[in-house]
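Protein chains: 2
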Amino acid sequence: MSGRIRNRQFAAKVVAAEDAAELIKPGDNVGMSGFTGAGYPKAVPAALAKRVATSREIGRPMKVGLWTGASTAPELDGALAEVEGIELRLPYQSDPAVREKINSGRLDYTDIHLSHVAQRVWQGIYGELDVAVVEISGITPDGDLIPSSSVGNNKTWLEQADRVILEVNSWQSADLDGMHDIYYGTALPPHRRPIPLTHPSDRIGVPHLKCPADKVIAVVETESPDRNAPFTPPDETSRQIAAHVLDFLDLEVRSGRLPRELLPLQSGVGNVANTVLAGLQDGPFEGLTAYTEVIQDGMLQLIESGTLTMASATAFSLSPTAVERFNRDTAAYRDKIVLRPQEISNHPEVVRRLGCLAMNGIVEADIYGNINSTHVMGSRIQNGIGGSGDFARNAYVSIFVTPSLAKSGAVSTIVPMVSHVDHTEHDVDVIVTEQGLADLRGLSPKMRAELIIERCAHPDFRPALRDYFERAQQSSYGLHTPHLLDEALSWHQSFIQHGTMR
Amino acid sequence: MSGRIRNRQFAAKVVAAEDAAELIKPGDNVGMSGFTGAGYPKAVPAALAKRVATSREIGRPMKVGLWTGASTAPELDGALAEVEGIELRLPYQSDPAVREKINSGRLDYTDIHLSHVAQRVWQGIYGELDVAVVEISGITPDGDLIPSSSVGNNKTWLEQADRVILEVNSWQSADLDGMHDIYYGTALPPHRRPIPLTHPSDRIGVPHLKCPADKVIAVVETESPDRNAPFTPPDETSRQIAAHVLDFLDLEVRSGRLPRELLPLQSGVGNVANTVLAGLQDGPFEGLTAYTEVIQDGMLQLIESGTLTMASATAFSLSPTAVERFNRDTAAYRDKIVLRPQEISNHPEVVRRLGCLAMNGIVEADIYGNINSTHVMGSRIQNGIGGSGDFARNAYVSIFVTPSLAKSGAVSTIVPMVSHVDHTEHDVDVIVTEQGLADLRGLSPKMRAELIIERCAHPDFRPALRDYFERAQQSSYGLHTPHLLDEALSWHQSFIQHGTMR
């Protein structure tokens, strides 16, 4: 028995990754761990990809349904996509190879709210879950599983899968033990009870995952780092966006609409969101908390400085330098971080109760406040909606952030009409670009349009937006949300044809 | 003291409607009771409208902000809109005069989820609430207020308004007393606690509304019926839609995905939804419950026949004949109906926990499963989103129903791209027309398109939809959600220009 596998029954099942991969059958639905590059299995997916490639060479192509927590890493999504080994992918992805396959029509992808995945799998919507491949950081003498750097849907995979393959990764800090809170109280209706969580720091479950040993068909040992992107230092645009958000929060506090210690922060993945967090470091706020999906570098720094007293999430998403710092001193963070299953970290009931302040990046917004988070030019998937809907829909204030320009200035992220909608006008409170902030709460569509154009759009595109809005008010079919339907998507069409919206 | 006003302090405040209306000042924000033609004030709004008209004649135009529960009736919305007495209207309306003012650009309307109104008013998003005008059915000797045929936002109006005008309507059945459940446990974060409701029949509050007598500036006595539309007998199209829904529910039960007594039903307002309910009468289901916004004729019949054991809602929406039946024998329904504030009847936490089966009507759907519930041709408001988002977003199964044709066949309700989005692809499970039913759960966008076109679209429009989908797959920018942006909204444009999508 290695140091991490402290139970004989499990220890007896240790095999090589290649042997474990052989236990996955063509056509299986496979639930893998992994959330934003953390806690995904490192060895079995690669071995499976090799097997898929070999199978194809001998004329017996093989595919599996791939379900995860959220995005993973090249060793998993990338490897399997490149050999065309994925039948249907869900729920969120950000791998270039996967994205390319989806957008060239060779991979089916279903993009659902991250909080919905577990209940849908329980419902049987996606069919049977055949195999779970889950990374953990250790096995206790009692046979309990110590989770890894993400929890994601692992509880559900382990419960629902017929067969389970475990990867025990000794690269993960042994001190992660005790940081997780696995809630086993969810159920399908009519058996649901209130989720007894009223503060981000509440622990309502147990620290370990459970899995009957007889379902475990293989245990694989690894010692491989999570692969997360390095941290990009904030640019001027991100800093300006962060400043607008901080001004807004400050005003909300001074107006008595938010308490001094704010409300639990949710922050989407990405550099802009990370910069907003970094900005909080120098802001007037103290005693903050977070109830969010992922802990990025910015949040870790806020914990280190004491500005953030604690953070609840389902995964880490740390740069290589931050993860080194974290792994060196994991124990110091243990009472300040809780990692939960994503059905709880993103649960609408809890998000609404806590009153999260949701901050998420977008692809584009339109002048009436509809948000496109997923589709470039209305047809090409970027990553997926992730948890942005879970949070925005139930948040106390839902804030969306984006630079006003994209594609080196060829694209305005403020357009007459978005080419796809992920967050409707009813769910969008505040839009922020480096140009400024539009507080849309309580406004009619036309009031929103004026504010978004004047506050958020880039000056280069403002005249054309004003012109559209003016003319729409002259000749639109209805004047509640004035639109010229033969022109509403022409900015996108122009980009597709000429490479620019200008 | 009349029979309905059994408290001296309140009795002393009885005045004529005209005198009460004089107590509303120009520019006031006024919160009125009323939800789908039930429980709205019958006398003061008309008196106010008269005053507005007179003010305008003498060159001193007067407007008020008008907040309600949802839609009301001609005596309220219609009267005030016709004299241009409304500054900003929220949240849901269905009055022809109001709609005309909004769509001609003379009335600002902000369309928000019905469950969001109370918390937003508490947050102060819409400014101060100056006056509440609330219909009740009586006042107890202790000075408690017995609610009327809708609860809506009345709890919030009475709490938040500086001044309160009560209308005591003796036309409402005295036996309504005891049917309501007013929950006083909501709060703003960080003070929110779980809402202790785990079954539609649970009573978690008190039967009466509270309001300090010193805030009450006038009490007006009325004896006027709620004005609801007569019941339209189900047509063949509605019956076919209902049959598809019943088949689906039956299959879900037989597949083990729903319990035999189903899960709490939510049904939107309208004839199609009502027909689906009527269809349940003859279906194989027993012991049903409802957790919904309004109780329509169909639901009342289900209660009478015993198919539905109980219904939770925030209002009635009964035809004149049904209301007569109900008023004659109100007491018989008392243990089978609970009326709650709309923040509870539509609360995301509760809807998710109970696992509601949500059925709502729409304006149009697109081939990828996005739903437009509010905007005709993308710019002209119909009614508003109402509670459809509250329920669809958190439902166990979210079903949307519509005839496949509109405007005497000139319009296909299945289009390449919806002209406005109220429910995104992520929140739509099932679409039903008289042609058939598309179960979209777990499908990628292209799989959904095939199903929606073949199952739901009218045969007259199927070839054109197939053609669009085919060509989009040839030349779309991305192939995840194939679209031809220069054509996507051309069906609507054609209707605007030529009066037909054909």
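Those protein sequences? They're chains A and B, same order as listed.
Residue 497 in my numbering is what sits at position 486 of the first sequence, and the numbering runs on without skipping anything.
Residue 293 in my numbering is what sits at position 282 of the second sequence, and the numbering runs on without skipping anything.
Every residue gets a Cβ at the ideal spot worked out from N, C-alpha and C, and that includes glycine.
Model, not experiment: these values are computed from the prediction.
**OP:** Just the chain A side, please: which residues come within less than 9 Å of B/Leu435 by C-beta, in chain order?
**Re:** This sequence places Thr at residue 435 of chain B; Leu is not what is there. By Cβ distance, chain A contributes Ile396, Gly400, His431, Val432, Asp433, His434 and Thr435.
Subject >> Whole-angstrom distance between A/Leu101 and A/Val144, CA atom to CA atom >> reply: 15 Å
Subject >> Contact belief for A/Lys61 with A/Ala92 at Cβ below 8 Å, rounded distance in angstroms >> reply: About 14 Å; that fails the 8 Å criterion.
**OP:** Kindly indicate if chain A contains any beta-carbon less than 7 Å away from that of B/Pro205.
**Re:** Yes, B/Pro205 counts as interfacial toward chain A.
Original post:
Which stretch, first to last residue, makes up the beta strand (DSSP E) that contains A/Tyr302?
Top reply: Leu299 to Tyr302 is the span of the beta strand (DSSP E), which, as asked, contains A/Tyr302.
Subject >> Cβ-based burial, B/Leu187 [other Cβ within 10 Å; buried from 16] >> reply: So B/Leu187 ends up on the buried side.
**OP:** Going by CA-CA distance only, name the one from B/Leu34, B/Glu68, B/Ala81 and B/Pro85 that's closest to B/Val75.
**Re:** Selected option, being the one with the closest Cα: B/Leu34.
**OP:** State yes or no: is the beta carbon of B/Ser543 nearer than 7 Å to at least one beta carbon in chain A?
**Re:** In the structure as shown, chain B begins at 12 and stops at 513. Residue 543 of chain B is therefore absent and cannot be evaluated.
Subject >> Exposed unless 16 or more other CB atoms sit within 10 angstroms - verdict on A/Gln508 >> reply: Label assigned to A/Gln508: exposed.
Original post:
What is the residue span of the alpha helix (DSSP H) that A/Val287 lies within?
Top reply: Counting along the chain, the alpha helix (DSSP H) containing A/Val287 begins and ends at Asn282 to Leu291.
Subject >> Cβ distance (whole Å) where B/Val439 is taken to contact B/Ser415 below 8 Å >> reply: Your pair B/Val439 and B/Ser415 does not check out as a contact, with CB atoms roughly 16 Å apart and the cut at 8 Å.
Original post:
Got a sec? Which residues, its chain only, sit under 8 Å from B/Cys467 by beta carbon, not counting five neighbours each side?
Top reply: Ala376, Ser415, Ile425, Ile442, Val443, Thr444, Gln446, Gly447, Leu448 and Ala449
Original post:
Across which residues does DSSP place A/Trp78 in a beta bridge pair?
Top reply: A/Gly42 and A/Leu101
**OP:** Output yes or no for whether 7 Å exceeds the beta carbon distance between A/Val422 and A/Met321.
**Re:** no
Original post:
Between the C-alpha atoms of B/Lys166 and B/Arg364, what's the straight-line distance to the nearest angstrom?
Top reply: 23 Å
Original post:
In three-state terms, what does DSSP make of A/Ser409?
Top reply: strand
**OP:** Indicate whether the contact test is met: 3 or more Cβ pairs, each with one atom in the segment 263-276 of chain A and one in the segment 291-299 of chain A, closer than 8 Å.
**Re:** Below 8 Å, enough C-beta pairs join the segment 263-276 of chain A and the segment 291-299 of chain A to call them touching: three or more.
Original post:
With C-beta atoms as the reference, is B/Asn164 less than 7 Å away from B/Ala129?
Top reply: yes
Original post:
Smallest Cα separation from B/Ser181: which of B/His219, B/Ser235 and B/Ile206?
Top reply: B/Ser235
Original post:
Quick check: the segment 396-412 of chain A against the segment 135-143 of chain A, are there 3 or more CB pairs under 8 Å?
Top reply: A contact is defined here as three or more CB-CB pairs under 8 Å, and the segment 396-412 of chain A fails this definition with respect to the segment 135-143 of chain A.
Original post:
Does the beta carbon of A/Arg459 come closer than 7 Å to any beta carbon on chain B?
Top reply: no
**OP:** Run through the segment 380-428 of chain B for me and flag every whole alpha helix (DSSP H) of 4 or more residues, listed as ranges in chain order.
**Re:** 399-405
**OP:** Could you pull the start and end residues of the alpha helix (DSSP H) that B/Thr65 belongs to?
**Re:** Val55 to Glu68 is the extent of the alpha helix (DSSP H) around B/Thr65.
**OP:** Tell me, please, whether the CB atom of A/Asp119 is closer than 7 Å to any CB atom in chain B?
**Re:** By this cut-off, A/Asp119 is an interface position.
**OP:** For chain A, find out if any of its Cβ atoms is closer than 7 Å to the Cβ of B/Gln504; answer yes or no.
**Re:** yes
Subject >> CB contact flag (B/Arg345, B/Gly510, <7 Å) >> reply: No, they are not a contact pair.
**OP:** Determine the direct distance from the alpha carbon of A/Arg459 to that of A/Gly453, and round the result to whole angstroms.
**Re:** In a straight line, the C-alpha of A/Gly453 is about 9 Å away from that of A/Arg459.
Subject >> For A/Thr233: DSSP bridge partner residues >> reply: A/Asn180
Subject >> Bridge partner(s) assigned by DSSP for B/Phe327 >> reply: B/Ile306
**OP:** Could you tell me whether the Cβ of B/Pro158 comes closer than 7 Å to any Cβ of chain A?
**Re:** No, no contact with chain A.
Subject >> Beta-carbon proximity list for B/Val429, same chain, < 6 Å, skipping 5 on both sides >> reply: Glu375, Asp377, Asn381 and Asn383
Original post:
With which residues is B/Leu220 paired in a DSSP beta bridge?
Top reply: B/Leu156
Original post:
Looking at chain B, which residues of the segment 132-154 of chain A have a Cβ within less than 9 Å of any of its Cβ atoms?
Top reply: Gln134, Gly135, Ile136, Tyr137 and Gly138
Original post:
Where does A/Tyr114 fall in DSSP's three states?
Top reply: A quick correction: the sequence has Asn, not Tyr, at residue 114 of chain A. Residue state, collapsed to three classes: helix.
**OP:** Compute the distance between the beta-carbons of A/Ala326 and A/Ser161, then report whether it is under 7 Å.
**Re:** Taking 7 Å as the Cβ cut-off, A/Ala326 and A/Ser161 qualify as a contacting pair.
Original post:
Across which residues does DSSP place A/Met190 in a beta bridge pair?
Top reply: DSSP output for A/Met190 lists no bridge partner at all.
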